[in-house]
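This report refers to the structure that appears directly beneath it.
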Amino acid sequence: MADLSSNFIGITSPNPFWLASAPPTDKEYNVRRAFDAGWGGVVWKTLGSEGPPIVNVSGPRYGAIWGADRRLLGLNNIELITDRPLQVNLEEIRRVKRDYPDRAMVISLMVPCDEESWKDILHRIEDTGADGVELNFGCPHGMAERGMGSAVGQVPEYIEMVTAWVKHYSKMPCIVKLTPNVTSILPPAMAAKRGGADAVSLINTIKSVTNVDLDHFSPFPMIDGQGSHGGYCGPAVKPIALNMVGEIARHADTRGLPISGIGGVTTWRDAAEFMAMGAGNVQVCTAVMTYGFKIVQEMISGLSQYLDQKQMSLNQLVGRAVPNFVEWQDLNLNYVTKAVISQDDCIKCGRCYAACEDTSHQAIAMSEDRTFTVKDDECVACNLCVNVCPVDNCITMKTLPKGAMDERTGREVGDYANWQTHPNNPSSHAAE
Amino acid sequence: MLERKVTKNSALAIFYLLIKISTCASLGQKNSKTGSLALSNSPLTPGIVAGRLPVAALADNFADHTPPLDRHEARVAADRCYFCHDAPCITACPTSIDIPLFIRQIATGTPDAAAKTILAQNILGGMCARVCPTETLCEEACVREAAEGKPVEIGSLQRFATDTLMAKGVHPFTRATPTGRKVAVVGAGPAGLACAHRLAMKGHDVVISDARPKAGGLNEYGIASYKSTNDFAQAEVEWLLQIGGITLHHGKALGRDVQLADLQKDYDAVFLGMGLAGVNALRAGGEEKSNVQNAVDFIATLRQTADKATLPIGRDVVVIGGGMTAVDAAVQSKLLGAENVTIVYRRGQEKMSASGYEQEHATSAGVRIVCNAAPVAVHGDAAVSEVEFAYTEDTANGLTLTAQTFRLKADQVFKAIGQSLTGAPDGLTLSGGKIATDAAGRTSLAGVWAGGDCATGGDDLTVTAVAEGRDAAEDIHAHLSARA
Ligand SMILES: Cc1cc2nc3c(=O)[nH]c(=O)nc-3n(C[C@H](O)[C@H](O)[C@H](O)COP(=O)(O)OP(=O)(O)OC[C@H]3O[C@@H](n4cnc5c(N)ncnc54)[C@H](O)[C@@H]3O)c2cc1C
Ligand SMILES: Cc1cc2nc3c(=O)[nH]c(=O)nc-3n(C[C@H](O)[C@H](O)[C@H](O)COP(=O)(O)O)c2cc1C
Ligand code: SF4
Ligand code: SF4
Ligand code: SF4
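Chains E and U, in that order, give the protein sequences.
Residues in the first sequence are numbered from 0 upward in steps of one, following numbering that gives the first Met the number 0.
Residues in the second sequence are numbered from 0 upward in steps of one, following numbering that gives the first Met the number 0.
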């Protein structure tokens, strides 16, 4: 069993799997059960200032998209921050942290954008014995209209300012949670760093409308015949989150800033991918909202088996893929692969054929008896057939060795050469 | 109830059946002792008697063999379809239903559209969903059969779609402008009905004559009860006739009440779809003894008897034959409460025309299958008491009887050794005992088409009869249009 114990900006936990600030971490009852199930830490459901609690809708607050067999792929919500009184939350936090000293207890906060509000809440958090705070600059609905959440997260100056207040009034580690609802994730990340953040966490949810009720002509979730946009999360957002995490991890100005990876983490493999892309740990929300707390057992066993097989420590995994995350112009244009269909595995559904014939490069031949074969002289190696084939690993990509003939272009596979030196590039300045 | 689903573990099923039978037997005795009217007979009662099983057991035995999918099950099943390119299941369907399309229509919540996709190719798609041997047709070809040995449940999904539409009483097709042409159709079985519907849709007027009191052909009189429950065959005929332009005459037999020459004279075209009304003989001594019956007649009676508790059945039943009819007669005998039911087939089991799935269905219902034996004599006084068989050898030179014989106790014998065409009108060329037709269904007589079991080609299945009826209608239509 690999050692999964984690130290993220000085906050230790038995494993790098935390629950993200959301319904699973909304109250003592949940969090105790989550810890009993094995979760390494939680980011408590976002707290607001003292005062009358937030009000949620009393109709449906979630929408979703599904894959085959109604597997939930994307979830959308219009829930706001905690709707329970601040004092109740604080007492619960204190009790749980006392009983689970080895688990990470981070408190998510969202208060109005003025110094007093932040100063006030921070002292009360410190009192609970919590390990750190996460600044929720992410919620894209409801709170943003009130000048909080993503309304702050979309303005780098505000991020920097609030982060600086937090660092000024508290010694606690401070994580800044970023919203993906921006054209580039880098300015907000840089602002957090300038403000003194110990880490960033991302992504929060993405503005979305999952579906439209075709009887009432209203976006869903529909509240009395109307719907507003919500925040999107779950497996469908993972690709967006991975890119953003990677961008921060590799950029010269943000490199080294610890990242807590969030967005669609569902299995140990997703977690490992986030960590390879630069995340020091991961946070999970939708997957537990879909399957319950127990999935952490698979995440623990899966990640530790993987690390054992690779003979790698958790720290060695973090950021391992970042050096290979490059720009398109850096890719080797002399790298040639061809799709290969394993006739033993093929079930003759013809999906690869339909995809390549109708929409790609007409590079798959279909015989009278439904044998599907790749025409090497047409295949551009786009990988579409691999992606549409229902049988895992039935179509694979073989790499042509250097010197081999690419039957499509009639050229031999040469040495590494990218777009920057390519003769077709008007602005290339070939080395020779 | 245990017989309703074909279990993979037939041995286990037989075991349970034995338990059930013994329970029933003791129950029967107890009741007779206490003078209760509930159940006086059991599987062990000698002779041919009714009410061998309690009413509830009979109801269960003859209930829907493959219960319909509910909406959730249909969604789950539909999600398994890969929407294959040039899908092999379509090729395997004799009526070429666009299976991936209709399944996608179910998956996207539009079963009515799915039903229309099905019915456009196969107007008896509802019945075919119940009776097609899918394990040797579409589902055998499904790529998920190759992938996991578990095909997409095409038959059940087809039923889900067609049942949904038919439950609304919706008929999704309309007639073209009437052409003024008249076509005579003989036989209201699957072939005749499919032909009539397609012709009516094209705007022609159709008059169907059928010898029997009810329409539907073997859908009404032949198919096993548990495949077509709740009078589905009649409901389907009524639904089909909603297209309009079809007149149906019952009790009118070709050769007896109507003559081909008159039909040719009075109509623009004639389609013959009269199935196989004759039954082959055993050619074994004693065949004429009482209680030796044609399996198809037994089944027809069974299908027309609503209260199965009134149907007499033997304690020891012997069924001779190796096809679907033999299996259906045997299984239904068992379901009525016969104690011992044996199918005896003259060649090896692999040559039985009943599919492996059907054979398993029989054995799991407790039917014994004896192969390589042919009947040589039927023994008994007035009524049969035993059948004597000789073992056979199936060699390159044909089937020969060996000197080894054995006898099976039998108080009832069903002959299921094939049906034959009877009363084919003069002047028609026959081939292999059936009306010779070309691919379009044309017979040797100009203006006369034929299809279904009575014609060459096809597999003697409901679905091939539908395909042939439909295709003949298209050819008739082309022919009539060209003449116009
Ligand atoms: C016991 C049994 C079980 C079967 N089970 C299945 C099954 O599970 N699945 C499957 O796919 N197939 C099954 N079949 C086969 C299937 O029923 C036939 O292939 C199909 O019904 C043929 O259709 P048809 O229209 O050609 O003939 P039929 O269904 O036989 O219809 C012929 C019609 O013509 C009428 N007719 C006959 N003679 C005359 C005449 N002289 N004048 C006027 N009308 C006449 C008859 O009354 C009948 O209505 C089974 C057959 C039998 C016997
Ligand atoms: C119902 C719901 C409520 C949420 N509430 C909060 C919140 O109060 N504070 C916060 O920072 N993020 C909130 N989130 C965002 C999650 O913490 C997380 O960033 C996002 O769901 C992406 O992770 P996932 O794909 O694992 O769900 C919420 C998400 C959901 C689904
Ligand atoms: S990789 Fe692309 S071009 Fe090559 S066979 Fe597959 S789909 Fe066609
Ligand atoms: S998609 Fe895959 S399984 Fe289907 S035909 Fe192509 S290679 Fe075979
Ligand atoms: S072969 Fe099977 S998976 Fe493919 S289209 Fe037909 S039913 Fe669907």
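For each residue, glycine too, the CB sits at the ideal point set by N, CA and C.
Distance between beta carbons of residue j and residue i, contact taken as under 8 Å
i: VAL105 of chain E; j: ILE120 of chain E; result: That belief does not hold up - the Cβ atoms of VAL105 of chain E and ILE120 of chain E are roughly 14 Å apart, past 8 Å.
i: GLU91 of chain E; j: LYS26 of chain E; result: 6 Å
i: ILE416 of chain U; j: ILE342 of chain U; result: Contact doesn't hold; Cβ gap of about 11 Å is too wide.
i: ARG143 of chain U; j: ARG79 of chain U; result: 6 Å
i: VAL373 of chain E; j: LYS337 of chain E; result: 6 Å
i: ARG102 of chain E; j: PHE34 of chain E; result: 5 Å
i: GLY277 of chain U; j: SER419 of chain U; result: 4 Å
i: GLY230 of chain E; j: ASN75 of chain E; result: 7 Å
i: GLY137 of chain E; j: ASN242 of chain E; result: Incorrect: roughly 17 Å between the Cβ atoms, too far for contact.
i: ARG123 of chain E; j: LEU89 of chain E; result: 6 Å
Any non-hydrogen atom of ligand 5 closer than 8 Å to residue i Cβ
i: TYR81 of chain U; result: yes
i: PRO93 of chain U; result: no
i: ILE96 of chain U; result: no
i: ARG143 of chain U; result: yes
Residue i: CB within 8 Å of a non-hydrogen atom of ligand 4
i: CYS378 of chain E; result: no
i: ASP85 of chain U; result: no
i: VAL151 of chain U; result: no
i: VAL371 of chain E; result: Per the sequence presented here, residue 371 of chain E reads as Phe, with Val not at that position. Flag set: Cβ of PHE371 of chain E near ligand 4.
i: GLY148 of chain U; result: no
Proximity test, residue i beta-carbon vs ligand 2 heavy atom, cut-off 8 Å
i: LYS237 of chain E; result: yes
i: LEU74 of chain E; result: yes
i: TYR157 of chain E; result: no
i: ILE80 of chain E; result: yes
i: MET288 of chain E; result: yes
i: SER107 of chain E; result: yes
i: GLU144 of chain E; result: no
Span of the beta strand (DSSP E) around residue i
i: LEU74 of chain E; result: 71-76
i: VAL87 of chain E; result: VAL87 of chain E -> not in any beta strand (DSSP E); alpha helix (DSSP H) instead, spanning 85-98.
i: ALA198 of chain E; result: 198-201
i: SER12 of chain E; result: 10-12
i: PHE219 of chain E; result: 217-219
i: PHE413 of chain U; result: 411-414
i: TYR29 of chain E; result: Checking the displayed sequence, the identity of residue 29 of chain E turns out to be Asn instead of Tyr. Looking at the DSSP string, ASN29 of chain E is not in any beta strand (DSSP E); the run it does join, the alpha helix (DSSP H), is 27-36.
i: TRP17 of chain E; result: 16-18
i: ALA63 of chain E; result: 61-65
i: ASP315 of chain U; result: 315-319
i: THR324 of chain U; result: Per DSSP, THR324 of chain U belongs to no beta strand (DSSP E); it is in the alpha helix (DSSP H), 323-335.
Residue i Cβ short of 8 Å to ligand 3 heavy atom set
i: LYS337 of chain E; result: yes
i: ILE363 of chain E; result: yes
i: ASN392 of chain E; result: no
i: LEU399 of chain E; result: no
i: SER366 of chain E; result: no
i: ASN382 of chain E; result: yes
The alpha helix (DSSP H) enclosing residue i, as first and last residue numbers
i: HIS476 of chain U; result: 461-482
i: MET243 of chain E; result: 237-249
i: GLY229 of chain E; result: That residue, GLY229 of chain E, is in no alpha helix (DSSP H); its beta strand (DSSP E) goes 229-232.
i: ALA554 of chain U; result: Because chain U here runs from 0 to 483, residue 554 of chain U falls outside it and cannot be looked at.
i: TYR356 of chain U; result: 355-363
i: GLN308 of chain E; result: 294-309
i: ASN314 of chain E; result: 313-316
Cβ-heavy atom distance, residue i to ligand 1, below 8 Å
i: ASP459 of chain U; result: yes
i: ALA214 of chain U; result: yes
i: ASP209 of chain U; result: yes
i: ARG255 of chain U; result: yes
Counting only runs of 4+ residues fully inside the stretch 348-430 of chain E, write out the alpha helix (DSSP H) ranges in chain order.
-> 350-358 and 383-387
Can you give, in chain order, each stretch of the alpha helix (DSSP H) that sits fully within the stretch 159-236 of chain U and has at least 4 residues?
-> 189-200 and 217-220
Return the chain-ordered ranges of every alpha helix (DSSP H) run that is complete within the stretch 146-216 of chain E and spans a minimum of 4 residues.
-> 149-152, 155-168 and 185-194
Along the chain, which unbroken stretches of the alpha helix (DSSP H) at least 4 residues long are found entirely within the stretch 57-91 of chain U?
-> 70-78 and 87-91
Ordered list of beta strand (DSSP E) runs contained in the stretch 373-447 of chain U, each at least 3 residues | 385-394, 397-408 and 411-414
Note down, one range per segment and in chain order, each beta strand (DSSP E) of at least 3 residues found wholly within the stretch 244-291 of chain E.
-> 258-261 and 280-283
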